[in-house]
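Asks:
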Amino acid sequence: MAEAFLDERPGETRAAVVEGGAIVAMDVARAFDGIQPGAIVEGRIGPMLDGRATVRLAGETGLLEGPCALPEGAAVRLEVVRAAIPEAGRWRPAKLRLARPGAALAPAPSLAARLRAEGLAVRAGFSEAVAEAWEAHWTEAETGEVRIPGGRLLLSPTPALLAVDIDGRPDPEAAARAVAAVIRRFGIGGSIAVDFPTRPGSGWRKAAAAAFDAAMTGMAYERSAVSGFGLLHVVRPRLRPSLLDRAMFERDRTAALALLVHALRDPRPGPLRLVARPAVIRLLRDRPELVAAVERAAGRPVALVADPAAGDGHVA
37 MAEAFLDERP GETRAAVVEG GAIVAMDVAR AFDGIQPGAI VEGRIGPMLD
87 GRATVRLAGE TGLLEGPCAL PEGAAVRLEV VRAAIPEAGR WRPAKLRLAR
137 PGAALAPAPS LAARLRAEGL AVRAGFSEAV AEAWEAHWTE AETGEVRIPG
187 GRLLLSPTPA LLAVDIDGRP DPEAAARAVA AVIRRFGIGG SIAVDFPTRP
237 GSGWRKAAAA AFDAAMTGMA YERSAVSGFG LLHVVRPRLR PSLLDRAMFE
287 RDRTAALALL VHALRDPRPG PLRLVARPAV IRLLRDRPEL VAAVERAAGR
337 PVALVADPAA GDGHVA
């Protein structure tokens, strides 16, 4: 029976869905996150971008789905369809659509509410084992490398799709199940191309596809057959960043939030100095409420120091 556990940290809530003693799904909500799917928000129509109307919102700009006959500057009420997605060097804007007439403003469901909507019991706190497993899987996402018996999965996100290279000579059915497990664990959506090492004959391709289907039970997806070149194409809904997106493309945010945790755990008396590269410090300066919350919890003043040589940062 799967259960969900929440770890509340400064500016971040982590979720781990545990089944049979292993983490089968992970998610995270961050104070830096913008508008989220399911929210009803207000905005104004902005200029056209690549044939689509933009929408100016508090703190970000989104794209409107479908044609728009409204003039630039018109006030609109909108439903958030997809959150903004981080990519290498840029953000893919959030998608929105016009809300139904009379729709009231509403926040997006919380991370806990989304888990409960899946029928999961939600419990507070990570055990030591779950916390260790979370960090190990986060490292997999950061590096894009997942070890499996007989080889490894190499995960390479691109703006068009996620490429999954099955490296080595693992059993095709076991590799297919491992790919499905990674898709679930990291919450990967969108277009996914899986490259199997080719083998003689076609029986292995049908067996691998069947194993993948069995492992994807309960998840929405469409797929192609495994081609003669060993390529499987999978398409899934993509509503928000995956753990892979966050680990690879939100490194400054990850470092900023980790620095707050380190500050709370620092045993030394006196004021706290958080030293990190300028991009990390800039994020914290833009969210003074996070720093203030750490000051209250630690009972100590916090100073932010930008140092280009400090990397992800440390507490001085």
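Using this note's numbering, you'd call the opening residue of the sequence shown number 37 and step up by one each time.
Glycine residues also receive a C-beta, built at the ideal position from the N, C-alpha and C atoms.
Everything numeric in this text was worked out from a predicted model, so none of it was measured.
For the beta strand (DSSP E) containing Val158, name the first residue and the last one.
Replies: Ala157 to Ala160
Asks: Ends of the alpha helix (DSSP H) at Pro314?
Replies: Pro314 to Asp322
Asks: Where does Leu275 sit, in a helix, a strand or coil, going by DSSP?
Replies: coil
Asks: Taking the beta strand (DSSP E) that Phe265 falls in, what are its first and last residues?
Replies: No beta strand (DSSP E) contains Phe265, which DSSP labels as neither H nor E.
Asks: Roughly how many angstroms separate the alpha carbons of Ala130 and Gly237, rounded to a whole number?
Replies: 44 Å
Asks: Rounded to whole angstroms, what's the CA-CA distance from Asp203 to Ala217? Just pull it up for me.
Replies: 16 Å
Asks: Please go through the same chain and pick out, in chain order, the residues whose beta-carbon is closer than 6 Å to the beta-carbon of His269, but skip the five residues on each side of it.
Replies: Ala229 and Ser260
Asks: Using 8 Å as the threshold, is the segment 82 to 94 in touch with the segment 175 to 189, meaning 3 or more CB pairs across them?
Replies: no
Asks: With a 10 Å radius around its C-beta and 16 neighbouring C-beta atoms as the bar for buried, classify Gly106 as buried or exposed.
Replies: The sequence given here has Leu at residue 106, not Gly. Counting Cβ neighbours within 10 Å, Leu106 comes out exposed, since fewer than 16 surround it.
Asks: Measuring CB atoms only, is the segment 280 to 291 touching the segment 175 to 183, in the sense that at least three cross pairs come out at less than 8 Å?
Replies: yes
Asks: Count the other CB atoms within 10 Å of the CB of Arg321; is the residue buried (16 or more) or exposed (fewer)?
Replies: exposed
Asks: Starting from Leu82, follow its DSSP beta bridges and name the residues at the other end.
Replies: The amino acid at residue 82 is misidentified as Leu; the sequence shows Gly. Gly82 is not bridged to any residue.
Asks: Quick check on Phe222: does DSSP put it in helix, strand or coil?
Replies: Helix at Phe222.
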